[in-house]
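Take a look at the structure set out below.
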Amino acid sequence: MISFYPGPSKVWDSLPHYLQDAWQEGIMSVNHRSPEFVAVAQEAIRLLHEKMEIPEEYTILFTSSATECWEIIAQSILATAPSLHLYNGAFGEKWHEYTQKLSGRARAYTFSPEELPEVSALQHEAAPLLVALTHNETSNGTALPEAFLKAIRKAFPEQLLAIDATSSMGGMLLPYREADIWYASVQKCFGLPAGLAVMVCSPRALARAHEVGERRHYNSLLFMLEKIKEAQTTYTPNVLGIYLLMRSLQDRPPLSVTANMLEKRYQQWVQFFHTYPKFSFLIQNGELRSRTVLPLQAEARELEKLKKEARAAGLYLGNGYGQWKNSSFRIANFPALTEAEILQLQNFFRSYQADIPKN
Ligand SMILES: *Cc1c(COP(=O)(O)O)cnc(C)c1O
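Count along the sequence shown from 1, add 5, and you get the number used in my numbering.
Shown next, in the form of structure tokens:
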């Protein structure tokens, strides 16, 4: 079965090999305070800086999930300070909801998946401490252009910018210096099994954590920062996940090579559904379309048939998500998928007989 699900997603074909090595090297039983673990964690962090082009002055931390990062930001960066959440889909909405429960002062500003908000209109918002953005909205397949991130940075120079890059980090070049906090879990573009996430913090974000001084949780940012100085974590982490991250990063080309490849594959998909117009993109505005998560529209009845036949052909398509659950399916365009697998899916679509003619 080939998974085109946008998370958890297809893992690297080299994974069995890494796992065998991990077993032989005793990684799965290693103590998380031992020099063996520290060496793996240090190398993983070094490789994240190198291969993901994360600036040296940014601190990289390990967490368990992107969801945990929502909580850490709320408890250790915001405390009771106001935040402004700009979003157009389900993940941005969830982040806002979690933050509101913890801080009580999270304000939502929603916009259409087809159109970016006017930055000048946002400046009328009461000044928050932090602006929260979802770089790649996995639920509807939209992405924020770099120019928009820059405009937000310019409009909110005093504020911290926090960016959920869960389904783009590892696949796209990210303008790290335009924001203060970035995070992603590894079951999307990193091509790894779930249960690990990376959180990237600017010096300004860390200064804010020190100002708040919050030390009430196992994952209080200050505790995490103390531990990461020794390449360790506050609790026993996903040691195997960190090892797999290290191994897979070692084998990765420079990120620009990956990003170019994904762009090319995205353009191929656009061309494909232009030539075989059985399905069309959920998002019309090409400027806002994600390069890594591609949702396509389909009627609810057609969706059932399509997913069933795809499964029978050994192809696992992603369900729609949130409000688009019954009107779309999603195809991951993640780095671990191979050209041959994409061709296989395209051949399936070529021979697929739609029940309901598209109008
Ligand atoms: C998948 C996803 C999440 C949730 O990730 P977890 O690792 O399950 O916490 C959050 N945000 C976005 C944009 C996602 O794609």
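For each residue, glycine too, the CB sits at the ideal point set by N, CA and C. Computed from a prediction, not measured in an experiment: that's the story for all the values here.
Would you say the beta carbon of residue i is closer than 8 angstroms to some non-hydrogen atom of ligand 1?
i: Pro11; result: yes
i: Trp100; result: yes
i: Lys193; result: yes
i: Glu163; result: no
i: Asn141; result: yes
i: Phe339; result: no
i: Ser225; result: no
i: Ser70; result: yes
i: Ser108; result: no
i: Phe96; result: yes
i: Ala318; result: no
i: Ser190; result: yes
i: Ala167; result: no
i: Ala199; result: yes
i: Ala79; result: no
i: Glu73; result: yes
i: Ala148; result: no
i: Ala137; result: no
i: Ala202; result: yes
Could you check whether residue j and residue i sit closer than 9 angstroms to each other, using their CB atoms as the reference points?
i: Val262; j: Thr143; result: no
i: Ser88; j: Ala95; result: no
i: Lys202; j: Leu138; result: A quick correction: the sequence has Ala, not Lys, at residue 202. No, the Cβ-Cβ distance between Ala202 and Leu138 is not below 9 angstroms.
i: Tyr10; j: Asn331; result: no
i: Phe334; j: Leu320; result: no
i: Ile336; j: Pro300; result: yes
i: Thr147; j: Leu267; result: no
i: Ile77; j: Leu226; result: yes
i: His129; j: Arg112; result: no
i: Thr72; j: Tyr92; result: no
i: Arg296; j: Ala264; result: yes
i: Gly196; j: Pro340; result: yes
i: Leu154; j: His140; result: yes
i: Phe67; j: Asn243; result: yes
i: Leu134; j: Arg213; result: yes
i: Gln328; j: His37; result: no
i: Met174; j: Ala152; result: no
i: Leu83; j: Thr104; result: yes
i: Val45; j: Met204; result: no
Applying the criterion that 16 or more other CB atoms from any shown protein chain within 10 Å of the CB defines a buried residue, is residue i buried or exposed?
i: Thr171; result: buried
i: Arg306; result: exposed
i: Gly246; result: buried
i: Asp256; result: exposed
i: Gln164; result: buried
i: Lys193; result: buried
i: Tyr326; result: buried
i: Gly97; result: buried
i: Tyr240; result: exposed
i: Gly218; result: exposed
i: Asp169; result: buried
i: Gly109; result: exposed
i: Asn145; result: buried
i: Lys15; result: buried
Can we count residue i as close to ligand 3, meaning its CB is less than 8 angstroms from some heavy atom?
i: Thr171; result: Only ligand 1 can be found as ligands here, which leaves ligand 3 out of the picture.
Beta-carbon of residue i versus every beta-carbon of chain B: anything under 9 angstroms?
i: Gln351; result: Protein chains in the displayed structure number just one, and chain B is not present.
With three or more beta-carbon pairs closer than 8 angstroms as the criterion, would you say the segment 33 to 52 touches the segment 229 to 238?
Here the segment 33 to 52 lies against the segment 229 to 238, with 3 or more beta-carbon pairs under 8 angstroms apart.
Segment contact flag, the segment 56 to 66 with the segment 286 to 295, C-beta cutoff 8 angstroms, min 3 pairs
Contact fails: fewer than three Cβ-Cβ distances are below 8 angstroms.
Okay, do the segment 215 to 225 and the segment 266 to 280 touch, 3+ Cβ pairs below 8 angstroms being the bar?
By the Cβ criterion, the segment 215 to 225 is not in contact with the segment 266 to 280, since fewer than three pairs of Cβ atoms, one from each stretch, lie closer than 8 angstroms.
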